[in-house]
Amino acid sequence: MKNRYRDPLLIQKVTQKIHQVTESLDRTVRLMEVCGTHTHSIFHFGIRDLLPEKVELISGPGCPVCVTPMEFIDQAILLSRQPDVIITTFGDLMRVPGKRGSLLQAKAEGADVEILYSPLDSLKLARENPEKLVVFLGVGFETTIPLSALAIQQAEVEGIRNFKILNAHKIVPPALRALTTQDIRLDGFILPGHVSAIIGLKPYHFLAEEFGMPGVVAGFEPLEILLGILKILEQLSEGRAEIENVYRRVVCSEGNRRAVEMINKYFVLTESEWRGLGMIPDSGLMLKDEWKDFDLLTQENLDAVKAVQEEMEQLSEYSSQNMDGPCICGLILTGRKIPLDCPSFDKVCTPESPLGACMVSAEGTCAAYYRYRGRGGRFHVR
Amino acid sequence: MSDKILLGHGSGGTMTRKLIENLIVKTLGNPTLNKLTDAATLNLPSGRLAMTTDSFVVTPPVFPGGDIGKLAVYGTINDLVMVGTKPFYLSLAFILEEGIELELFRRIVDSIAEAAENVGVEIVTGDTKVVEKGKGDQIYINTTGIGIIPDGIEMSPERIQVGDKVILSGTMGDHGITILACRKGLEMKTDLKSDCAPLHRLVNAMLDVEPKIRVMRDPTRGGVASVLNEIAEQAGVEIKVEESRVPILPQVQGMCDLLGLDPFHVANEGKLIAVVPAESAEEVLSAMRALPEGKDAAIIGEVVAKTEYPEVFVETEIGTTRILEMLAGDQLPRIC
Chain Z
74 MKNRYRDPLL IQKVTQKIHQ VTESLDRTVR LMEVCGTHTH SIFHFGIRDL LPEKVELISG
134 PGCPVCVTPM EFIDQAILLS RQPDVIITTF GDLMRVPGKR GSLLQAKAEG ADVEILYSPL
194 DSLKLARENP EKLVVFLGVG FETTIPLSAL AIQQAEVEGI RNFKILNAHK IVPPALRALT
254 TQDIRLDGFI LPGHVSAIIG LKPYHFLAEE FGMPGVVAGF EPLEILLGIL KILEQLSEGR
314 AEIENVYRRV VCSEGNRRAV EMINKYFVLT ESEWRGLGMI PDSGLMLKDE WKDFDLLTQE
374 NLDAVKAVQE EMEQLSEYSS QNMDGPCICG LILTGRKIPL DCPSFDKVCT PESPLGACMV
434 SAEGTCAAYY RYRGRGGRFH VR
Chain R
1117 MSDKILLGHG SGGTMTRKLI ENLIVKTLGN PTLNKLTDAA TLNLPSGRLA MTTDSFVVTP
1177 PVFPGGDIGK LAVYGTINDL VMVGTKPFYL SLAFILEEGI ELELFRRIVD SIAEAAENVG
1237 VEIVTGDTKV VEKGKGDQIY INTTGIGIIP DGIEMSPERI QVGDKVILSG TMGDHGITIL
1297 ACRKGLEMKT DLKSDCAPLH RLVNAMLDVE PKIRVMRDPT RGGVASVLNE IAEQAGVEIK
1357 VEESRVPILP QVQGMCDLLG LDPFHVANEG KLIAVVPAES AEEVLSAMRA LPEGKDAAII
1417 GEVVAKTEYP EVFVETEIGT TRILEMLAGD QLPRIC
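Residue numbers (our numbering), protein chains in the order written: chain Z, 74 to 455; chain R, 1117 to 1452.
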């Protein structure tokens, strides 16, 4: 069956319109795609090749692995080395380097680390291994948080007490606020499709209302991304700033109420550190007091937690910034630099031996640049 | 006999002897193997000898469309036939984990017998070891195959010319995604089956039409992307692949989209990639399509230039291009 979202004729029509609208603009415009899956699609389909020189696409902090601070990875690795602990995680966290190696290395050295596809599988392991502490690495945005909430709900129902979350869940809109208020010139946001399916459009309205910044929720097919870009350009050309949605087949303005209720039932907003953006108020989620039993780090009486906290103190003499060394992940995640500006890119930093998180995840900006270098991503030079 | 594999089955004593005689030889027997000598003595016609070896490690050992036994026979046979070999003999070595069900082992040996018969090869020598529980993943198999390359067949990347066509023998990624779908933790319900199959008939049919096929490879681990990159590198050429021509099942594409995997990097077990002279490509394709293992074959691209900087690039469905990289490490499923 033909995929109409990849129909070359339709793509051509939208591309022509993009070129027409861009002609009416008297400057280069910088649009940020917030979501890592967008970054990946943009490279995969060579979308930059279709755009006028005056339209720059900047990859934002939309890959949960990339924005997770190194301290979290360190904690996870230290935990994995404790006796009777099973670490469960999504796959792309495995290669992210911490101060002393990655989870993949820890696994090779004998740590019990299991890759899974859903937090519910973590619960299954906890059920099957009652003598072990099963820790789920809770990394991810609004898309994955409801699943973590579901796992907690299920653990509560079944009375499973050896299941805990090492929590680093983050929510996207406060990061957009931080980006908009920092010294980064941006003209519009291609808003994330999956996240928006959960939260709807309302949480983005501040962008248009407070900052006059256009934002369009787009899907991940090439036609949808191009339509998103076109809509932002039209707004810029007409001097408008609104939040629009060209991903109506999946995203409705109200979002998914049940998923949001699940998040709100178990989590409450808190300050959170984003790699590259620093500490952002109300951008993280912590478990509510009544569910603290499932929050690993509050279990101070557990030997594994005590041991990890002691070791973390020893590690903390190095700042993550120092450990990043020649890696400029932070600047890349905020669109201040592109991977080609990084002295380590494709030299000491490759997907086989990544220095920073952006080179690790398939959705990381550096990984995308590396993988599709030369073609499918006319590297814009500023 | 116990219903489980025990350490004694690998001791070299009577238990080993019984396992070999009552199960392995009974199922796989032939005049050479039946002698149970330390080494098989073989008759081979004259010609260039080809030899290959491969070890098979797969979880779960039985999966939709195949099992580790079938894989161990077809995998090695396919490596032989990719250089035009007529395969004759296979060796077979098992490493079994203490405690596995004898029934599972029996099922796998039966499957090996069926696969060997299907290809027309004899299993002439072998070995069985048992490791302690927890020291292995149920069952590992190593097979070594030998055969003869007929005169006039000479496949090598140096023969690749600009204009040559690249043919893929069927849908991409079926095996890798099937295995992933039935792994612990994912257990997705799909109607997908592994493409695990021998390619000797297909290769014979192709060589009958065009003995000057430049090169053939089976895109197992690392997938189509890795094989194409290897070919480009060895031949010093640039290869263009047209994405819209690459056969892929919608279920495989869907699972790849869901998990953030690139089907070009996913493993296949019964597929081949061939670089064929342009003038005979259509005829080779017709011969392939006439066989069940080649019914979905397609010309997916061509060699576009000789170059000092070999690369493979994909012309996307929307007319843009992107680089097709080799796989770095394992593909890991993504978070969102």
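Positions of the beta carbon are idealized from the N, C-alpha and C atoms, including for glycine.
Quick check on the DSSP output: the alpha helix (DSSP H) that includes residue i runs from which residue to which?
i       : result
H1316/R : 1316–1325
N329/Z  : Careful: N329/Z lies outside any alpha helix (DSSP H) and carries neither H nor E.
M143/Z  : 143–153
K180/Z  : 176–181
N1150/R : 1147–1150
Ends of the beta strand (DSSP E) at residue i?
i       : result
M1371/R : Unbroken run through M1371/R is the alpha helix (DSSP H), 1366–1375; no beta strand (DSSP E).
N1206/R : It should be noted that the sequence gives Leu, not Asn, for residue 1206/R. Counting along the chain, the beta strand (DSSP E) containing L1206/R begins and ends at 1202–1213.
I1193/R : Where I1193/R is concerned, there is no enclosing beta strand (DSSP E), although the alpha helix (DSSP H) it sits in stretches over 1184–1197.
M105/Z  : 102–106
F1429/R : 1427–1431
M385/Z  : Run containing M385/Z: none in the beta strand (DSSP E); it sits in the alpha helix (DSSP H), 376–388.
S132/Z  : 128–132
K1356/R : 1353–1358
L358/Z  : 351–360
Any beta carbon from chain Z within less than 8 Å of residue i's own beta carbon?
i       : result
G1445/R : yes
E1441/R : yes
R1438/R : yes
E1358/R : no
I1355/R : no
T1432/R : yes
Is it right to say residue i is buried, meaning 16 or more other beta carbons lie within 10 angstroms of its own, or is it exposed?
i       : result
H267/Z  : buried
T1153/R : exposed
T1423/R : exposed
D165/Z  : buried
G213/Z  : buried
D1195/R : buried
Q308/Z  : buried
N1150/R : exposed
S1162/R : exposed
N395/Z  : Unreliable positioning characterises N395/Z in this predicted model, as indicated by a pLDDT of 46, which lies under 50. The coordinate reading is nonetheless provided below. Result: exposed.
M105/Z  : buried
S1406/R : In the sequence on display, residue 1406/R carries Ala and not Ser. With fewer than 16 Cβ atoms within 10 Å of its Cβ, A1406/R is classed as exposed.
S1127/R : exposed
S1360/R : exposed
A184/Z  : buried
Does DSSP put residue i in a helix, a strand or coil?
i       : result
N337/Z  : helix
Q394/Z  : The predicted model places Q394/Z with a pLDDT of 46, which falls under 50 and marks its position as unreliable; any figure quoted below should be read in that light. Helix, per DSSP.
P192/Z  : helix
I160/Z  : strand
T1437/R : strand
G403/Z  : helix
T1509/R : No statement about residue 1509/R is possible, as the shown extent of chain R runs from 1117 to 1452 and does not include it.
G1445/R : coil
G1339/R : helix
P1177/R : coil
L342/Z  : strand
D1378/R : coil
Is there a C-beta anywhere in chain R that falls below 8 Å from the one on residue i?
i      : result
I271/Z : no
Y320/Z : no
D397/Z : At D397/Z, the pLDDT of 46 sits below 50, so the modelled position is not reliable; the number obtained from the coordinates is stated separately. False, the Cβ-Cβ gap to chain R never drops below 8 Å.
P276/Z : no
G79/Z  : Checking the sequence shown, residue 79/Z turns out to be Arg, not Gly. Chain R, which has a Cβ nearer than 8 Å to the Cβ of R79/Z, makes this yes.
L360/Z : no
S393/Z : Low confidence applies to S393/Z: its pLDDT is 45, below 50, so where it sits in the model is not reliable enough to give any reading.
I84/Z  : yes
L176/Z : no
Y445/Z : yes
Considering only DSSP beta bridges, list what residue i is partnered with.
i       : result
I1136/R : In the DSSP output, where bridge partners are listed per residue, I1136/R has none listed.
R1164/R : I1265/R
Y1256/R : I1211/R
F262/Z  : M105/Z, G288/Z
V1282/R : V1391/R, G1417/R
N240/Z  : G211/Z
N1234/R : Note: N1234/R sits in no beta bridge, so no partner.
D1170/R : T1259/R
M1332/R : A1390/R
When you check each C-beta in the region 99–121 of chain Z against every C-beta of chain C, which residues fall closer than 9 Å?
Looking at the structure shown, chain C is missing, and the protein chains on hand are Z and R.
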